[in-house]
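Data block below; observations after.
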Amino acid sequence: MEVVNALGRRKSAVARIFVSEGTGKITVNKEDFTKYFPSGILQYKVKQPLNTLNVAEKYDIKVNLKGGG
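Residue numbers (my numbering): -6 to 62.
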């Protein structure tokens, strides 16, 4: 599978997401996502769609965020 990417914009914020086959690693601005989502509830909400489809350990997700508040 090649890398699939998407772009989202709202006001002055821009989010770029890249999904590729891998081991289930999620990074936000080159840091582990647990830095941006410190509570277990938020981490659960981030992983919930992947767990529902049983693909949480099959894809790596990289997110680049810029702007916003």
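Note that beta-carbon positions come from the ideal geometry of N, C-alpha and C, so glycine has one too.
Note that the structure is predicted; figures quoted are calculated from it, not measured.
N-terminal and C-terminal residue of the alpha helix (DSSP H) that residue 39 is part of
33 to 45
What is the rounded straight-line gap between the Cα of residue 54 and the Cα of residue 24?
12 Å
Inter-stretch contact (C-beta, 8 Å, three-pair minimum) for the region 7 to 25 and the region 41 to 55
yes
Grouping DSSP H, G and I as helix and E and B as strand, with all else coil, what is residue 11?
strand
If you drop the 5 nearest sequence neighbours on each side, which residues of the same chain put their C-beta closer than 6 Å to that of residue 59?
Result list for residue 59: 7, in chain order.
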